[in-house]
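Working notes for the structure below.
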Amino acid sequence: MRLADRRRLFAAGILSGPLAWTLAFMFVPYAIMFTYSFYTRRFPTMVPDFQLGNYLALFLDAQYYQVLLRTMKIASLVTIAAVALAYPLAYFLVFKIASPRLRAALYVAVVVPLWVSYLLRAYTWKTILGSEGVLNSFLVWIGLLDEPTPLFLYNQFAMVITLTYIFVPFCVMPIFTALEKIPRSLIEASKDLGVGRLRTFLAITLPLSVPGILAGATFTFSLTMGDFVAPFLVGGADGALIATVVQSQFGTALNWPLGSALSMVMLLIVLTIITLSDRLERAGRLDLA
Amino acid sequence: MSHIIELHNLTKTFPGGIRAVDDLTFAVREGEFVTLLGPSGCGKTTTLRLVAGFEEPDRGRIVLAGRDVTEDPPYRRAVNTVFQDYALFPHMTVAQNVGYGLRIAGVAREDIRGKVQDVLRMVDLLDKIDAMPAQLSGGQKQRVGLARAIIRRPKVLLLDEPLSALDVKLRESMQVELKHLHQKLGISFVLVTHDQKEALVMSDRVIVMDGGRIVQSGTPAELYDHPATPYVADFIGTSNIVAARVVESAAGFIVAEAGPVRVRAEANGFAPAGGTRVQLAVRPERALLVARGTPAPASANRIDGTVLESFFHGNSVRINVDIGQRAPFMVDVQLQLAMGQAGVPDAGTPVTLVIEPSCISVFPDAGAR
Amino acid sequence: MTVAADIGPVAASAGAARRLGFHSPRFSARALGTAAACVVAFLYLPIVVLVIFSFNDNTVTTLPLRDFTWRWYEAAFTNQDLLRALGNSLYVATAATVICVAFGVPAAIALDRVDFPGKTVFRRAVLLPLVLPGLITGISMLNLFRVMGFNLSLETVILGHGTALVSVVVTQVFARLQRFNRRLEEASDDLGARPWQTFRFVTLPNIRTAIVGSSLLAFTLSFDEIPVTFFLTGRENTLPMYIYSTLRQGITPEINAIGTVIVVSSLVVIFASVYMLSDKGDR
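These protein sequence lines are chains A, B and C, in that order. If you read the first sequence in numbering that gives the first Met the number 0, its first letter stands for residue 0, the second for the next number, and so on. If you read the second sequence in numbering that gives the first Met the number 0, its first letter stands for residue 0, the second for the next number, and so on. If you read the third sequence in numbering that gives the first Met the number 0, its first letter stands for residue 0, the second for the next number, and so on.
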């Protein structure tokens, strides 16, 4: 057998499984979801149809587009907050910790919470911020408050805090990697040329870490947008995010066509963000060359 | 059947249209030490990889010990490779690395240990038998690589720039060791290198490659003394290459002119007509540097010039002489024969170069690079 | 780099910063260190709170602390529903991990060394779930199972987790393969090894820690998964789904206890995983 044939056989053998899996459980489901998004709801099920009503509802029905706008707002706030917290931390680890071993240990310590139970991490904030919670009882205990306030929990503030908390490690990871990749010689060269620390940071370090920031921001924005656990746990009456609405379409509201349409829109937004950040990142990379 | 391996019209084009190997044909005799020599990108490594079976030719055949192996995968070819970056298995000990080929072949565990010890003794590394590759120096790693490749007694041992990662001293001693190993084993070696010194020191025969083709094939002495092209003349050793025009052509001799310089040269099998443009090549050590006006044999060429500068090379001095050409003419002077350190002429000294006609190689201009 | 244009305003602000004393290296290092410490505290404080209150003898998580108690742990581990959910979670996570490895490792190898039409689309599709909210995976697969007429069960959850988490294995194994020296495989072929022998004796040992490390990660993530599970589970609950549903009825310290157990064991597994995925695991 010729080498080319052997390679083809190998390719077929190694690819067929993953390819079949991806087709069966990603492409086909997406196609079905896409189809359903044009169906008409007939409680408690739906009938095949081709109409854009489900999509239009998203833009014409205040109930839905307000949720979409709110989701965008919360996701943006969380993204900004997470990057703002993650950046100094990553910077500190990369540039201020001289010992590589200590740096690696601290990095792991920062990143590990990322993988620890999402639910429990969100849930602890409920116990912290609640009116009988840790924060309130602490403030009453030290005398700053006369009685517990319900202001901390069940609102957008609580959601932003909780989600920021969840996604900080997600941002530290790529920013840390990006900062570590910057050749120290570049920064030394800049300082050597008499350029000040702040200017060196703004002219060299920051632009070169943009890919890391973009990656972290993409993760955070996209995953915040699709979250329904945090709104459920710490969000209030005005705390519903787009994912909450989608979730209810497949539950209590029982409107699969609308739910599918909303999911398609979310999928589209996520894909757009990924593509955009990919483009920007590539542009950033070209900048370096 | 004295050829252990034959390559017939091998052609290999990589995606992107780069023709790495172009209609290559050569053979290696049993027990011969052949070196493929050339700069990076000349196709020498691709040729080796074709023989090993890591690449497949677009056209042509490879015959190993009388059997066509062109379509055989590497594991069915009785050749073994020593890699440039050693390619030792990092998760195995030296013994496991060296014994790998035998383990794969199903040799009994007890037998493997003995054979591993034998080859490690051969490369003088028996004391490292239980070390991990990461604990070894570059030279030691390469010995392990060698031991691993010869333990299966291949018909041909392929060596892909095996010494290029080592420092100069180590490289020179390894060259001698490789040569000894070749004699001891009696199998054919095909070495790939860009280091012409290495090629000259070790090989029975050197094949100079350029652009995927063979430029010249011969013993080290043949290549050095009778380079087929200016490319070879320049690549192997150093040559002064001067563009000239033939003004006279007769009975094995030509007379050529390059600006103010006029020389007689032996036209070895190449007899250009008057007016032809040629290139002349002279080795730096084949020209004799004398004070202006010193007598010389009538048959020799005499070229007047002025010393530009000189470079101390330890046992010799290289003197650049301006002879009215674009580039200075390099002359190597052995110190014990010369006038001693103090006698090296200063810049500006008028001198004469004495060159025998037989020491000048004549090549057609352009076309052949 | 296009930085020349920035120099003007930046230089001005740098001057201002110097006048304000921000330029002092000691000041900035200390400020940065403090900020970093605060972020780390922010990351671990809630976990500490969870652990502390799991031992606090009070039905509400409120300060000041009362006596030390094991009763929440006793309550958790005598709760039959909770134990059943725990068993379900272990089953789901194990099976999902097997799927992730079975499909993720070949996918990583294919991405590393096979060129085929549509490779970019395939790569994007396989990696998409890393960034894609689990909700979308859950809903799209729910649609699929409805069309196919499957009843929802733990098995459909397993398929969902496999789809959502295979990318964890793919990225890690792919990264290791990229660092892997292909000459080693050639050396093995050259020494007479068949392709499967080369894989078994050379490739696999060099990517083993990446496979084990990433499957530990996949296991933990599957064990804790909610968004996909929410849509794909039938009558049976997994542990996080059980916790999720009890949270509707309000907080009990029992959740703190089981939460502490989950967090601590997750931490152990993840530290092991991160170690294996690091350069040290690479050896």
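The C-beta atom is built at its ideal place from N, Cα and C for all residues, glycine as well.
Inset, instruction - Look at the alpha carbon of glutamine 333 of chain B and the alpha carbon of valine 207 of chain B, and state the distance between them as a whole number of angstroms. - result: Distance from the CA of glutamine 333 of chain B to the CA of valine 207 of chain B, rounded to the nearest whole angstrom, comes to 28 angstroms.
Legend entry - Within chain C, the residues that glycine 100 of chain B reaches when beta carbons sit closer than 7 angstroms: Leu190 and Gly191
Inset, instruction - Tell me where the beta strand (DSSP E) around leucine 63 of chain B begins and ends. - result: 58-63
Legend entry - Segment limits, beta strand (DSSP E) that includes alanine 104 of chain B: No beta strand (DSSP E) contains alanine 104 of chain B, which DSSP labels as neither H nor E.
Legend entry - Under the three-state DSSP convention, the category proline 161 of chain B falls into: DSSP places proline 161 of chain B in coil when its eight states are reduced to three.
Inset, instruction - With 7 angstroms as the C-beta to C-beta threshold (strictly closer), list the residues of the segment 66-80 of chain B near chain A in chain order. - result: Cβ contacts with chain A come from Glu70 and Pro72.
Inset, instruction - Return helix, strand or coil for alanine 290 of chain B, following the three-state DSSP convention. - result: strand
Inset, instruction - Anything in chain D within Cβ reach of arginine 1 of chain A, meaning under 7 angstroms, just list it in chain order. - result: Here chain D cannot be found, since the structure's protein chains are A, B and C.
Inset, instruction - Could you spell out where the alpha helix (DSSP H) holding aspartate 209 of chain B opens and where it closes? - result: Not the alpha helix (DSSP H): aspartate 209 of chain B falls in the beta strand (DSSP E), residues 204-209.
Inset, instruction - Following the continuous alpha helix (DSSP H) through serine 166 of chain C, name the residue where it begins and the one where it ends. - result: 153-178
Legend entry - N-terminal and C-terminal residue of the alpha helix (DSSP H) that methionine 201 of chain B is part of: In the DSSP annotation of this structure, the continuous segment of the alpha helix (DSSP H) that includes methionine 201 of chain B starts and ends at 195-201.
Inset, instruction - Kindly indicate if chain C contains any beta-carbon less than 7 angstroms away from that of tyrosine 38 of chain A. - result: Residue-level contact by beta carbon fails for tyrosine 38 of chain A and chain C, as no gap is shorter than 7 angstroms.
Legend entry - Cut-off 7 angstroms between Cβ atoms - residues of its own chain near valine 267 of chain C, not counting five sequence neighbours on either side: none
Inset, instruction - Give the secondary structure of serine 295 of chain A by DSSP, where H, G and I count as helix, E and B as strand, and everything else as coil. - result: There is simply no residue 295 of chain A to check, as chain A begins at 0 and stops at 288 in what is shown.
Legend entry - beta strand (DSSP E) segment containing serine 309 of chain B, residue limits: 300-311
Legend entry - contact_flag[the segment 126-143 of chain C, the segment 190-210 of chain C] where n(CB pairs < 8 angstroms) is 3 or more: no
Legend entry - Stretch-stretch touch, CB-based, cutoff 8 angstroms, three pairs: the segment 179-194 of chain B with the segment 154-164 of chain B: yes
Legend entry - Whether leucine 152 of chain A touches valine 233 of chain A by CB criterion (7 angstroms): Inclusion of leucine 152 of chain A and valine 233 of chain A in the CB contact set at 7 angstroms is warranted, their separation being smaller than that value.
Legend entry - Continuous beta strand (DSSP E) stretch holding isoleucine 372 of chain B: start and end: Since the displayed chain B opens at 0 and closes at 368, residue 372 of chain B lies outside it and no answer follows.
Inset, instruction - Taking only beta carbons into account, state which residues of the segment 184-199 of chain A come closer than 7 angstroms to chain B, listed in chain order. - result: none
Legend entry - Runs of alpha helix (DSSP H) lying entirely within the segment 40-127 of chain A, each at least 4 residues, in chain order: With a minimum length of 4 residues, the continuous alpha helix (DSSP H) runs that stay inside the segment 40-127 of chain A are 52-59, 61-90 and 99-110.
Legend entry - Residue-level contact to chain A via CB, alanine 337 of chain B, 7 angstroms cutoff: Interpretation of alanine 337 of chain B is limited by its pLDDT of 48, a score under 50 that renders its predicted location unreliable; no figure is taken from the coordinates.
Legend entry - Alpha-carbon to alpha-carbon, arginine 282 of chain B and threonine 192 of chain B: 22 angstroms
Legend entry - Per-residue DSSP class, three states only, for alanine 77 of chain B: coil
Inset, instruction - For aspartate 84 of chain B, return the contacting residues in chain C, with the cut-off set at a CB-CB distance below 9 angstroms. - result: Asn180 and Arg182
Legend entry - As assigned by DSSP and simplified to three states, the class of methionine 131 of chain B: coil
Legend entry - Neighbourhood of leucine 134 of chain C by C-beta distance below 6 angstroms, restricted to the same chain and skipping five residues each side: Pro226
Legend entry - Residues near glutamate 184 of chain C by beta carbon distance below 8 angstroms, same chain, minus five either side: Thr197, Val201 and Thr202
Legend entry - Within-7 angstroms CB hit, glycine 20 of chain C to chain A: At glycine 20 of chain C the pLDDT is 41, less than 50, meaning the model places this residue with poor confidence and gives no usable figure here.
Legend entry - Candidates A/Val245, A/Leu253 and A/Phe42: closest to methionine 265 of chain A by CA position: A/Val245
Inset, instruction - Use the C-beta contact count for histidine 181 of chain B: other C-beta atoms within 10 angstroms, 16 or more gives buried, fewer gives exposed. - result: buried
Inset, instruction - Assign alanine 15 of chain C to one of three DSSP states: helix, strand, or coil. - result: Reliability of the predicted coordinates at alanine 15 of chain C is poor, the pLDDT of 40 falling under 50, and the value obtained from them is presented with this limitation in mind. Three-state result, alanine 15 of chain C: helix.
Inset, instruction - Check the Cβ-Cβ distances between glutamate 185 of chain C and every residue of chain B, and say whether any is below 7 angstroms. - result: yes
Inset, instruction - Return the first residue and the last residue of the alpha helix (DSSP H) that methionine 329 of chain B is part of. - result: Per DSSP, methionine 329 of chain B belongs to no alpha helix (DSSP H); it is in the beta strand (DSSP E), 328-333.
Legend entry - Integer Cβ distance of phenylalanine 32 of chain B from aspartate 203 of chain B, believed to fall under 8 angstroms: About 5 angstroms separates the two Cβ atoms, so the contact holds.
Inset, instruction - Determine the DSSP secondary structure at proline 356 of chain B, reduced to helix, strand or coil. - result: helix
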